[in-house]
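A.B. asks: These protein sequences, in sequence, are chains A and B.
Quick note: the first sequence, position 132, residue 170 per the working numbering, numbers continuous.
Quick note: the second sequence, position 234, residue 235 per the working numbering, numbers continuous.
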Amino acid sequence: MNKILSKFGPFLGLLLVIALFSIPGEVREYFLSVSNFKIILTQTVIVALAALGMTMIIVSGGIDLSAGSVIAFTSVIGALGLKHGWSAWAVVPTVVASGAFLGLLNGSAIAGLRMTPFIITLGMMGIARGAGKWMASNETVNYTNPAINGWMTTADPYDLSMPPGAWVAVALAIATAIFMRRTVFGRQIFAIGSNEATARLCGVNTVVTKALIYTIAGGFFGLAGLMQLARLRQGDPTVAIGVELDIIAAVIIGGASLSGGAGSILGTMIGALIMSVLRNGSQQMGWPTYFQEIMIGVVIIVAVFLDRLRAHKSA
Amino acid sequence: MKAKTPMKAITRIVALIVLCIAPLAVKAASPESYRIAVVPKGTSHEFWKSVQAGLVKAQREFAEQGVTVDILWKGPIREDDREQQIQVVENFVARRVDALVLAPLDSRALVRPVELAAQAKIPVVLIDSGLDSDIPISSASTDNYNGGVIAARHLAKLLGGKGKVIMLRDVAGSMSTGLRGDGFADTIAKEFPEIVLLSGDQYGGPTRDTAYRMAQNLLNRYGREVDGVFSVNEPTVVGMLLALRDSGLAGGRVQFVGFDAATPLIEALHAGDIQGLVVQDPLKMGYLGVKSAVAVLRGEAVPQVIDTGCTIVTPENINEPQVDALVHPPLSEYL
Chain A
39 MNKILSKFGP FLGLLLVIAL FSIPGEVREY FLSVSNFKII LTQTVIVALA
89 ALGMTMIIVS GGIDLSAGSV IAFTSVIGAL GLKHGWSAWA VVPTVVASGA
139 FLGLLNGSAI AGLRMTPFII TLGMMGIARG AGKWMASNET VNYTNPAING
189 WMTTADPYDL SMPPGAWVAV ALAIATAIFM RRTVFGRQIF AIGSNEATAR
239 LCGVNTVVTK ALIYTIAGGF FGLAGLMQLA RLRQGDPTVA IGVELDIIAA
289 VIIGGASLSG GAGSILGTMI GALIMSVLRN GSQQMGWPTY FQEIMIGVVI
339 IVAVFLDRLR AHKSA
Chain B
2 MKAKTPMKAI TRIVALIVLC IAPLAVKAAS PESYRIAVVP KGTSHEFWKS
52 VQAGLVKAQR EFAEQGVTVD ILWKGPIRED DREQQIQVVE NFVARRVDAL
102 VLAPLDSRAL VRPVELAAQA KIPVVLIDSG LDSDIPISSA STDNYNGGVI
152 AARHLAKLLG GKGKVIMLRD VAGSMSTGLR GDGFADTIAK EFPEIVLLSG
202 DQYGGPTRDT AYRMAQNLLN RYGREVDGVF SVNEPTVVGM LLALRDSGLA
252 GGRVQFVGFD AATPLIEALH AGDIQGLVVQ DPLKMGYLGV KSAVAVLRGE
302 AVPQVIDTGC TIVTPENINE PQVDALVHPP LSEYL
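1. Would you call His122(A) buried or exposed, if buried means 16 or more other Cβ atoms sit within 10 Å of its Cβ?
2. Is it a yes or a no for the stretch 111-128 of chain A touching the stretch 227-243 of chain A, going by three-plus beta-carbon pairs under 8 Å?
3. For Met168(B), report the span of its beta strand (DSSP E) as first-last.
4. Please list, in chain order, the residues of the stretch 71-97 of chain B that have any C-beta partner in chain A closer than 7 Å.
5. Is it right to say Phe6(A) is buried, meaning 16 or more other beta carbons lie within 10 angstroms of its own, or is it exposed?
6. Report the start-end ranges of each alpha helix (DSSP H) in the stretch 169-253 of chain A that is 4 residues or longer and not cut off at the edges.
7. Leaving out the 5 sequence neighbours to the left and right, which residues in its chain are closer than 8 Å to Leu25(B) when beta-carbon positions are compared?
8. Identify which residue in Gly188(A), Val134(A), Ala249(A) and Gln226(A) has its Cα closest to the Cα of Leu151(A).
9. Using a Cβ-Cβ cut-off of 8 Å, state whether Arg269(A) counts as contacting chain D.
10. Can you give me the C-alpha to C-alpha distance between Glu334(B) and Leu270(B), rounded to a whole angstrom?
11. With DSSP run on the structure shown, which of helix, strand or coil describes Ile22(B)?
12. Measure the beta-carbon distance from Gly319(A) to Phe59(A) and round it to whole angstroms, keeping in mind my assumption that it falls under 8 Å.
13. What would DSSP say about Gly205(B), mapped onto helix, strand or coil?
14. Who pairs with Leu101(B) in a beta bridge, going by DSSP?
15. For Gly229(B) versus Leu332(B), is the C-beta distance shorter than 8 Å?
16. Mind listing which residues of the stretch 309-330 of chain A have their C-beta closer than 8 Å to chain B's C-betas, in chain order?
17. List the residues of chain A whose Cβ lies closer than 7 Å to the Cβ of Leu117(B), in chain order.
18. Is the beta carbon of Pro106(A) sitting closer than 8 Å to the one on Ala278(A)?
19. Reducing DSSP to helix, strand and coil, say where Val27(B) ends up.
20. Taking only beta-carbon atoms, is Gln60(B) less than 8 Å away from chain A?
21. Return the chain-ordered list of same chain residues with a C-beta closer than 7 Å to the C-beta of Phe69(A), the five sequence neighbours on each side being excluded.
22. Roughly how many angstroms lie between the CA atoms of Gly184(B) and Val233(B), to the nearest whole one?
23. With distance defined between alpha-carbon atoms, name the residue in Ala294(A), Trp325(A) and Ala135(A) nearest to Ala310(A).
24. Give me the Cα-Cα distance between Leu270(A) and Arg113(B), rounded to the nearest whole angstrom.
25. Hey, would you say Leu120(B) sits closer than 8 Å to Pro195(A), going by beta carbons?
26. So if DSSP puts Thr312(B) in a beta bridge, which residue, or which two residues, is it bridged to?
27. Looking at the structure shown, is Gly256(A) part of a helix, part of a strand, or coil, going by DSSP?
28. Among residues of its own chain, excluding the 5 on either side of Ala215(A), which ones have a beta-carbon nearer than 8 Å to its beta-carbon?
29. Helix, strand or coil: which one does DSSP assign to Trp74(B)?
30. Below 8 Å, can you find three or more Cβ-Cβ pairs linking the stretch 267-284 of chain B to the stretch 190-200 of chain B?
31. In whole angstroms, give me the CA-to-CA distance for Ser175(B) and Glu80(B).
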């Protein structure tokens, strides 16, 4: 029973939230429609992509507060590239690489200087945000190059097709889940998160592994920045303020432990979806925005509380 | 032959009557009813409360004619959160509202969601700010450039045509406040050669707090030499007002002209800390936004651009009734 609950806990939460908005008949007609779920999925892509990287970091016992700033920075980089007439083939690797570069800086500082991730990434939060504004000359970067305009939208809002960005997120979620479960490197992430000293004694090169974790995660943040760019169609250095907290919340609601060693990609994806469904559903219900914020806050606390109950029981 | 003609005439008349009554009967069976989503830039400023009052005013007028207008009112909390405003529009498209009245936070970032609405055959009417798109059918807003011109002329009059001035803008990319700034800067440059604009490219950001900090920095730099100040909207005026008071420059030592009318600003005008406020008519914007949206849904023609006008409020004219109605919009009557 406990095992089932811990596996499907977040999933049940998602069903519960969907059921909540499906009760009033007048709203159900619009809420429970394919076109609405298409919109919910598209709105989840940015947080979901970034949360893939954040799951790796949190499972390894770390945290990254710079995710929102990195998204803004990389979206500005992408916008500048597009403005110079680059094709999507040039923009994608550049943007992902610039995110990975900031991740590498984070990771090397954390592993090399042995400083806490909270401090390093808090610093990077300001550095990346400021660098983004600098690159953008403190305004929005506008371009006319349509190379990536279609990635986060579909021609017909009511048909069954999904925008490419959503497929990318689904594919990468599956790949990352397999990577974390089935590869040596993936298992090392869990090992470091459970007990770093033991992992080191067992022959894991913790410095290199940690640096790599933050680098890969940075790449994911870069990809999220690219999707943000495709949505806004402009490079906005003030975008995604506070989104790092949404991303962390998705990982936590999904059953990961902030002290490391536990967490799953599937859970994280469901955690991200729960928040999007809450936002979308409460708008369809006509609830005011402040009520949504309160709801999401409550959901985070309840999710973690249930998680702890579960952990106590199994221990 | 002759006997048939009156019969024909009667049939014709009956047919005519049926044709005339039929649409009425259909209308009576399903009373006219529209669901209109209104997406402001934010919900926390008094400006948007006035817009909301205008929506209710239009709604009541339609109700008296037997037309039901459902208003769905929702906006982002922070006035620079483009992503959140996009999500709000998308979710209303999924809700399949009949029409969308939008005050775009950004003239470009909101183009894609408006395209989405158009693909879903939802007509879009703009209020307050413009959009780089041909999709919106009508736009009810202040001629913001002209508002900047009015502010510049008033400040120049206060300064006697010479001196040094600074301007605090709000957020980069906002078309409405950008035009005010441009109108101000252009008029100073063109009409008043003896007035120098010391700083005209600083942005105060989206909230009173960010604007306050930026205004402090500006006054720290230029406070000793400046004679006149212009800020482009409610948060930047409040921020500048606080900073002027902090540095002892309020009360007319520096002539201060602002934009928008919030309660603290009117109090400051009475107290002599502000010498002029260019005010818009947000209530009219909300009112006309809904009126245009319903007109579009009925297939009627609507003007592409409607100027809702702006007025300069000074300590001298603030008690005149038509100015008072702008300064103290009858919110309690509607909200």
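Ideal Cβ placement from N, Cα and C applies to all residues, glycine included.
C.D. replies: Let me spell this out:
1. A residue is called buried once 16 or more other Cβ atoms fall within 10 Å of its Cβ, and His122(A), having fewer, is exposed.
2. Output reads no: the stretch 227-243 of chain A does not touch the stretch 111-128 of chain A.
3. If you look at Met168(B), you'll find it in the beta strand (DSSP E) that goes Gly164 to Arg170.
4. Within the stretch 71-97 of chain B, the residues whose Cβ lies closer than 7 Å to some Cβ of chain A are Leu73, Lys75, Ile78, Asp81, Arg83, Glu84, Ile87, Gln88, Val89, Glu91, Asn92, Val94, Ala95, Arg96 and Arg97, listed in chain order.
5. Nothing in the structure corresponds to residue 6(A), since chain A is present only between 39 and 353.
6. With a minimum length of 4 residues, the continuous alpha helix (DSSP H) runs that stay inside the stretch 169-253 of chain A are 202-220, 222-232 and 234-239.
7. The predicted position of Leu25(B) is uncertain, since its pLDDT is 46 and thus under 50; a value taken from the coordinates is nonetheless stated next. Correct list: empty, nothing qualifies.
8. That would be Ala249(A), whose Cα lies nearest to the Cα of Leu151(A).
9. In the structure shown, chain D does not exist; the protein chains are A and B.
10. The straight-line gap separating the alpha-carbon atoms of Glu334(B) and Leu270(B) is approximately 25 Å.
11. Note that Ile22(B) has pLDDT 49, beneath the 50 cutoff, so the model's placement of it is unreliable and no number is given.
12. With 8 Å as the limit, Gly319(A) and Phe59(A) qualify as a contact, their Cβ atoms being about 3 Å apart.
13. Correct three-state label for Gly205(B): coil.
14. According to DSSP, which records beta bridges pairwise, Leu101(B) is partnered with Ala38(B) and Val125(B).
15. Leu332(B) sits away from Gly229(B), with the two beta carbons spaced by 8 Å or more.
16. Within the stretch 309-330 of chain A, those residues whose Cβ lies closer than 8 Å to any Cβ of chain B are, in chain order, Arg317, Asn318, Gln321, Gln322, Gly324, Pro326, Thr327 and Tyr328.
17. Per Cβ cutoff of 7 Å: Thr191 and Pro195.
18. Reading off the sequence shown, one finds Gly at residue 106(A), where the question assumed Pro. Taking 8 Å as the cut-off, the beta carbon of Gly106(A) is found closer than this to the beta carbon of Ala278(A).
19. Its pLDDT being 45, under 50, Val27(B) is placed unreliably in this model, and the value from its coordinates should be taken loosely. In the displayed model, Val27(B) falls within a helix according to three-state DSSP.
20. Residue contact with chain A for Gln60(B): absent (no Cβ-Cβ distance below 8 Å to any residue of chain A).
21. Once the five neighbours on either side are set aside, the close Cβ partners of Phe69(A) are Phe59, Ser60, Gly319 and Gln322.
22. Roughly 11 Å between the two C-alpha positions.
23. Comparing Cα-Cα distances from Ala310(A) to each of Ala294(A), Trp325(A) and Ala135(A), the minimum goes to Ala294(A).
24. If I take the Cα positions, the gap works out to 8 Å.
25. Leu is not the amino acid found at residue 120(B); the sequence shown has Gln there. Yes, the pair counts as a contact, with Cβ atoms nearer than the cut-off.
26. For Thr312(B), which the question treats as bridged, DSSP gives the partners Val280(B).
27. Three-state DSSP puts Gly256(A) in a helix.
28. Contacts found: Ser302, Ile303 and Leu304.
29. The answer is strand: DSSP assigns Trp74(B) an E or B state.
30. Short answer: they don't touch.
31. Rounded to whole angstroms, Ser175(B) to Glu80(B) spans 10 Å at the Cα level.
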